[in-house]
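A short worksheet on the structure shown next.
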Amino acid sequence: MSPRTVRLILGASLVVGLLFLGRWTAGLLADRWWAGQVSAAAASFVTDWTLVRVSLEALGVVTACAWFVGHLLLVYRAIGSVQIHRQLGNLEIREAVNTRVVEAVSIAAGLLLGLIVGEGVGDWAPEIVLALRAVPYGQADPLLGRDIGFYVTSLPFWRLLHGHLFLLVLLALAGVFTLYVVIGAVAWRHRRPAINSHARAHLGVLSAFLALLILWGHLLEPYELVAGVGPPLHDGLFAYRTATAQMLAGPALAAAVLSLVWVWRGQHTLMAAGWILVFASSLLGRHVIPALRAGGGSSPVEPAVRRRFDQLAYGMAGIRDSNFVRTETGLAPPRPAGLWPPNLVPAAVGDSGRTLALDRALLPAGRRLRPVWLVVRSYRDDHAAVRVLADNQTAPLGQPLLVQENDSAGLQVELALPARAVWPGPRDVVLDSAQGGVAVGTGFRRIALAWALQRGGLLAGVPRDTRAFWYLDPVTRLTRLAPFAVWSSPVPRLIGGELVWLSDGYLASATFPASARVRWRGRDVGSLRAAFVGVVRAGSGATRIFLRHTADDVLGKVWRSVADGLVEPASAIPPEIGRAVPYPLELLAAQIQVLEHDYWGMGRRPGG
11 MSPRTVRLIL
21 GASLVVGLLF
31 LGRWTAGLLA
41 DRWWAGQVSA
51 AAASFVTDWT
61 LVRVSLEALG
71 VVTACAWFVG
81 HLLLVYRAIG
91 SVQIHRQLGN
101 LEIREAVNTR
111 VVEAVSIAAG
121 LLLGLIVGEG
131 VGDWAPEIVL
141 ALRAVPYGQA
151 DPLLGRDIGF
161 YVTSLPFWRL
171 LHGHLFLLVL
181 LALAGVFTLY
191 VVIGAVAWRH
201 RRPAINSHAR
211 AHLGVLSAFL
221 ALLILWGHLL
231 EPYELVAGVG
241 PPLHDGLFAY
251 RTATAQMLAG
261 PALAAAVLSL
271 VWVWRGQHTL
281 MAAGWILVFA
291 SSLLGRHVIP
301 ALRAGGGSSP
311 VEPAVRRRFD
321 QLAYGMAGIR
331 DSNFVRTETG
341 LAPPRPAGLW
351 PPNLVPAAVG
361 DSGRTLALDR
371 ALLPAGRRLR
381 PVWLVVRSYR
391 DDHAAVRVLA
401 DNQTAPLGQP
411 LLVQENDSAG
421 LQVELALPAR
431 AVWPGPRDVV
441 LDSAQGGVAV
451 GTGFRRIALA
461 WALQRGGLLA
471 GVPRDTRAFW
481 YLDPVTRLTR
491 LAPFAVWSSP
501 VPRLIGGELV
511 WLSDGYLASA
521 TFPASARVRW
531 RGRDVGSLRA
541 AFVGVVRAGS
551 GATRIFLRHT
561 ADDVLGKVWR
571 SVADGLVEPA
581 SAIPPEIGRA
591 VPYPLELLAA
601 QIQVLEHDYW
611 GMGRRPGG
């Protein structure tokens with residue numbers, strides 16, 4: 011390439027990098043200003059979490075790019091010592107490979123591959139934070155005797171790291187082998203492999219790395235089996251798989267040694283024999299024999315122990331073994347009884363709005379509680395309203411009875427919600443002069459907000475006292491503040507005449523040992539705890555996150571210490587909020603799935 015072309019490429023790369031850096035900086039500042047409206051602790055945590063994620067993402071991309079570019083340049087170095095054999099009639103011509111274009115293509119391909127493979131490392135932030143904490147549970151698993159904390163906090167990170175390194179080495183090995191074949195450094199001549207010494211050294215070292223990663227995978231396998239990764243195993247098969255994993259580490263280590271021997275000695279047969287042994291032993295030991303031994307058999311963990319670990323994993327410590335006693339009389343209906351099922355409630359409201367959320371609630375009416383349905387509806391003019399449907403009585407003609415504001419029963423209801431309020435599925439950004447949002451201001455602040463929010467209209471024609479409101483969906487709002495938890499669909503409550511959204515923050519683990527596997531949000535988990543309660547006031551957007559009263563889970567306490575000041579203790583929950591918090595429904599569904607396992611002896615649920 012000419013110097014002018016190089017300068018153009020470098021200049022374009024610099025412009026793209028500055029644009030990316032500017033957009034990221036604007037987004038970071040905008041999120042910090044937004045979180046500052048919640049609390050100073052929220053602004054600090056959101057900023058720190060964003061920096062951690064970006065740093066990990068950059069580290070992953072830079073490392074992957076350097077890895078692939080380095081290996082492709084090693085192939086490029088070999089080209090100078092390789093000649094392409096061409097046949098011209100009866101003459102064999104040896105032609106040296108032109109390397110200038112190959113160098114540029116190698117660098118570009120390595121950068122592209124590094125960007126693809128390295129992207130996503132920032133998503134490891136929760137696993138890395140937990141691995142660094144490595145908090146013990148104080149209770150060992152019943153099979154290998156390791157503390158539960160190792161499986162929940164450390165094992166997920168080691169599995170991610172192992173899988174990532176395995177992918178890097180495998181892609182590099184496949185890529186450089188293909189390139190060596192293309193340039194003629196690896197060929198098949200006279201019924202035997204002909205490999206250039208430079209290519210042999212390169213491929214041999216990569217093969218040794220791959221064998222060591224296979225060895226690492228075999229050493230991790232017993233812990234993965236205890237953690238429930240993969241299908242459940244009966245007692246004999248578990249013991250076999252655990253012993254086999256240790257034995258398969260031997261061929262993998264031998265393959266690593268033979269790969270390095272191949273680099274110096276060039277004995278192709280010995281190298282091939284080592285890798286054939288790895289693949290044959292793995293196929294036989296991990297697939298063929300387990301398939302023949304599959305079938306009936308008891309679990310390697312006793313039923314009583316499994317029940318105890320289920321209680322720990324799913325927050326079921328209050329469950330005790332008991333005998334079910336039938337009564338002659340039927341169970342009394344719940345009080346107060348509801349009239350309207352959820353599928354009829356939206357139609358019963360009878361207006362032109364779209365239902366955003368609905369939930370049963372008890373509202374104080376004088377000295378008693380009145381059962382109602384709270385229905386939040388949105389309308390075309392970008393506002394929402396709360397409709398209150400009486401659930402224990404009807405109008406004189408039997409139709410649904412909508413409770414109006416300040417009705418005769420003594421209910422104090424505030425119905426209207428402006429466009430800047432918080433509800434599911436609102437507009438992305440709302441500009442208003444009301445208090446509570448982020449001030450647009452002037453100068454750099456206005457430019458940063460316009461760039462981060464992608465609202466060019468902020469640059470002109472907007473008064474300086476205008477405020478921007480965003481993250482107006484309750485789940486989006488809570489996820490931005492506490493991304494380490496998975497937040498449930500919010501339920502509406504009317505507290506003190508104000509609409510309040512309540513959402514459960516879940517912590518799940520796929521590697522909890524000796525517990526039942528349940529299906530949750532499209533994946534199998536071995537532990538699920540409703541550790542947090544998110545409280546979002548719809549009108550003002552004020553948001554608070556509390557540790558749940560029943561959250562005795564270690565992970566919940568770990569995350570509270572990480573997000574100190576953002577996550578408040580359970581004792582700080584206001585009494586009126588505490589009385590309105592419902593039982594977490596997703597946790598209830600998971601607990602029901604646990605109780606359906608045979609060793610609980612409770613049968614199956616009859617319906618949905």
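Its first residue numbered 11, the sequence shown is counted upward by one per residue in this note's numbering.
A virtual CB, placed ideally from N, CA and C, is assigned to each residue, including glycine.
Asked                                                                                                                                                                                       : Found
Restricting to Cα atoms, I'd like to know which of V311, Y233, L213 is closest to W651.                                                                                                     : No answer is possible for residue 651: the residues shown for the chain start at 11 and end at 618.
Can you name, in chain order, every residue of its own chain whose Cβ lies under 6 Å from the Cβ of V311, other than the five neighbours on each side?                                      : P152, A524
Tell me which same chain residues have a C-beta within less than 7 Å of the C-beta of S418, skipping the five on either side of it?                                                         : Reliability fails at S418, whose pLDDT of 49 lies under 50, so the model's placement of it is uncertain and the value that follows must be treated cautiously. Taken in chain order, the list of residues that qualify is empty.
Which same chain residues end up closer than 7 Å to L235 when comparing Cβ atoms and leaving out the 5 residues on each side of it in sequence?                                             : L243, F248, R251, T252
Straight-line CA distance for H559 to A22?                                                                                                                                                  : 55 Å
Between which two residues does the alpha helix (DSSP H) holding H297 run?                                                                                                                  : Neither: H297 is in no alpha helix (DSSP H) and is coded neither H nor E.
In terms of DSSP beta bridges, what is P381 paired with?                                                                                                                                    : L372
In the DSSP assignment, what residue or residues form a beta bridge with R397?                                                                                                              : V385
Using three-state DSSP, classify D41 as helix, strand or coil.                                                                                                                              : helix
Can a CB atom of chain C be found closer than 8 Å to the CB of A118?                                                                                                                        : No chain C appears in this structure, which consists of one protein chain only.
Per DSSP, which one or two residues make a beta bridge with W480?                                                                                                                           : V439
Residues in its own chain within less than 6 Å of A526 by CB, not counting five upstream and five downstream?                                                                               : D320, V604, H607
Is there contact here, the segment 543-557 with the segment 475-488, by at least three beta-carbon pairs under 8 Å?                                                                         : yes
For I126, does the three-state DSSP call read helix, strand or coil?                                                                                                                        : helix
Please identify the residue among S571, Y516, T521, L565 whose C-alpha is closest to the C-alpha of E596.                                                                                   : Y516
Figure out for me which residue from V382, L372, A282 has the closest Cα to the Cα of V359.                                                                                                 : V382
May I have the straight-line CA-CA distance separating F334 from A599, to the nearest angstrom?                                                                                             : With a pLDDT of only 48 at F334, under 50, the local geometry of the prediction cannot be trusted, and the value read off the model is given with reservation. Cα to Cα, F334 sits roughly 21 Å from A599.
Grouping DSSP H, G and I as helix and E and B as strand, with all else coil, what is S513?                                                                                                  : strand
Taking the alpha-carbon of A540 as reference, which of L512, R547, A548, V546 has the nearest alpha-carbon?                                                                                 : L512
Please report the straight-line C-alpha distance between T521 and S164, rounded to a whole angstrom.                                                                                        : 10 Å
For my contact list, R456 and V440 are in at a C-beta cut-off of 8 Å; report their separation, rounded to the angstrom.                                                                     : Rounded, the Cβ-Cβ distance is 17 Å, inconsistent with contact.
Please go through the same chain and pick out, in chain order, the residues whose beta-carbon is closer than 6 Å to the beta-carbon of A197, but skip the five residues on each side of it. : A204
Please work out which residues of its chain come closer than 7 Å, Cβ to Cβ, to V92, disregarding the five sequence neighbours upstream and downstream, and give them in chain order.        : Any reading at V92 must be qualified, since the residue scores a pLDDT of 49, below 50, and its modelled position is unreliable; no value is offered.
What residues in its chain sit with their C-beta under 7 Å from that of P261, if we drop five residues either side in the sequence?                                                         : L287, V288, S291
First and last residue of the alpha helix (DSSP H) that includes G214?                                                                                                                      : 207-236
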